[in-house]
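See below for the structure under consideration.
Numbering (the working numbering), first residue to last: 4 to 59.
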């Protein structure tokens, strides 16, 4: 099994996140909330992921 992980690149007021997530919109909203920024400043890049039955 692969460990869960993500990569984030923070540049000024914008964040690019690469992660194997099934719901990028919710992930964007969570990241924006954690960083206390607007969701428009967060981009989620979905990487390859496994099925909906468990981790990849």
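Backbone N, C-alpha and C fix where the C-beta goes; we use that ideal spot for every residue, glycine too.
From the DSSP output, read off the bridge partner residues of residue i.
i	result
residue 11	20
residue 46	19
Give me the Cα-Cα distance between residue i and residue j, rounded to the nearest whole angstrom.
i	j	result
residue 23	residue 30	10 angstroms
residue 37	residue 19	14 angstroms
residue 48	residue 11	10 angstroms
residue 34	residue 15	15 angstroms
residue 21	residue 9	6 angstroms
residue 32	residue 7	19 angstroms
residue 27	residue 44	14 angstroms
So, under 8 angstroms CB-CB, residue i and residue j are touching, yes? Tell me the CB distance rounded to an integer number of Å.
i	j	result
residue 52	residue 25	7 angstroms
I need the DSSP call for residue i, collapsed to helix, strand or coil.
i	result
residue 30	helix
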